[in-house]
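Engineer: One structure is given below, represented as structure tokens, and several questions about it will come after.
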Amino acid sequence: GAVVSQHPSWVICKSGTSVKIECRSLDFQATTMFWYRQFPKQSLMLMATSNEGSKATYEQGVEKDKFLINHASLTLSTLTVTSAHPEDSSFYICSARLYNEQFFGPGTRLTVL
Amino acid sequence: QKEVEQDPGPLSVPEGAIVSLNCTYSNSAFQYFMWYRQYSRKGPELLMYTYSSGNKEDGRFTAQVDKSSKYISLFIRDSQPSDSATYLCALLIQGAQKLVFGQGTRLTINP
């Protein structure tokens, strides 16, 4: 299957700092990428949908000024958590669509101290 | 009523057993059906993708879709301890952007 990578796989930061997470589709071009958040033992929660070259569409309740998404190319999307706080600690997973199949990255565990 | 219903389990079976995982859905507009496996602290891995009623087999895995009953299944034959994970069904409407997920079923295969 198609491969999606994420970097970093884990990050620890101080409260108030910003953290950038990269998501790349390695062997295909993805017109649409997705960012999810997952709490322990819970299902995936969609945060936003991004299409290459256009602004991301955020789900209700997700602060777009806090979670900045840039879909700069057909193979790269970034999520920046700005002014991170401990409640932002979570597992963030990106995903990329290839036709009607969707492939997920390995996830990034963010811990905000 | 949720769009997609999936029994969260947990489901525990002995090694070698046949496992049956199921989802039901209410919207007949769903056209594409996926099963994902997610290990703890990892991203979901696409196991099976189907778009028509009937069976699709890949190794020990068989995905079954019954559009008339709005029911999809994933069967795992000769289950192994390494199959222990959470299994998510995910459905997609033609032309839609967002996948709709089931709750996920936590599966444990006991040696």
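Those sequence lines, one after another, are chains H and P. This note's numbering puts the first sequence at residues 1229 to 1341. This note's numbering puts the second sequence at residues 148 to 258. Cβ atoms here follow ideal geometry from the backbone N, Cα and C, with glycine treated the same way.
1. Residues of chain H with a CB under 7 Å from the CB of residue 196 of chain P: which are they?
2. If you count every other CB in all the chains shown that lies within 10 Å of the CB of residue 1238 of chain H, and 16 or more means buried, which is it?
3. Any residues in the region 1298–1322 of chain H with a beta carbon nearer than 9 Å to a beta carbon of chain P? Which ones, in chain order?
4. Confirm, please, whether the CB-CB distance from residue 1295 of chain H to residue 1276 of chain H is below 8 Å.
5. Have a look at residue 178 of chain P and residue 1243 of chain H and give me their C-alpha separation to the nearest angstrom.
6. Take the Cβ of residue 1245 of chain H as the centre, count every other Cβ of all protein chains shown within 10 Å, and call the residue buried at 16 or more, exposed below.
7. Quick check: the region 164–182 of chain P against the region 1244–1261 of chain H, are there 3 or more CB pairs under 8 Å?
8. In angstroms with no decimal places, state the Cα-to-Cα distance between residue 185 of chain P and residue 235 of chain P.
9. For residue 170 of chain P, is the beta carbon positioned less than 7 Å from some heavy atom of the ligand MG?
10. Of all Cβ atoms in chain H, is any one closer than 8 Å to the Cβ of residue 172 of chain P?
Structural biologist: Reading from the atomic positions:
1. Translated into the one-based positions of the second sequence, residue 196 of chain P becomes position 49. Ordered by position in chain H, the residues that pass the 7 Å Cβ test against residue 196 of chain P are 1329.
2. Against the first sequence, residue 1238 of chain H aligns to sequence position 10. Residue 1238 of chain H is exposed by the Cβ-count criterion.
3. For the region 1298–1322 of chain H, which is checked against every Cβ of chain P, the residues closer than 9 Å are 1319, 1321, 1322.
4. Looking up residue 1276 of chain H in the first sequence gives position 48. Looking up residue 1295 of chain H in the first sequence gives position 67. Cβ atoms of residue 1276 of chain H and residue 1295 of chain H: closer than 8 Å.
5. The count along the second sequence starts at 1 and reaches residue 178 of chain P at position 31. The count along the first sequence starts at 1 and reaches residue 1243 of chain H at position 15. In a straight line, the C-alpha of residue 178 of chain P is about 44 Å away from that of residue 1243 of chain H.
6. To locate residue 1245 of chain H, count along the first sequence from 1; it is residue 17. So residue 1245 of chain H ends up on the exposed side.
7. With the cut-off at 8 Å, the region 164–182 of chain P and the region 1244–1261 of chain H do not touch.
8. The sequence position of residue 185 of chain P within the second sequence is 38, counting from 1. The sequence position of residue 235 of chain P within the second sequence is 88, counting from 1. The straight-line gap from Cα to Cα measures roughly 8 Å.
9. The ligand MG is absent from the structure shown, which contains no ligands of any kind.
10. In the second sequence, counting from the first residue as 1, residue 172 of chain P sits at position 25. Not one chain H Cβ lies under 8 Å of residue 172 of chain P.
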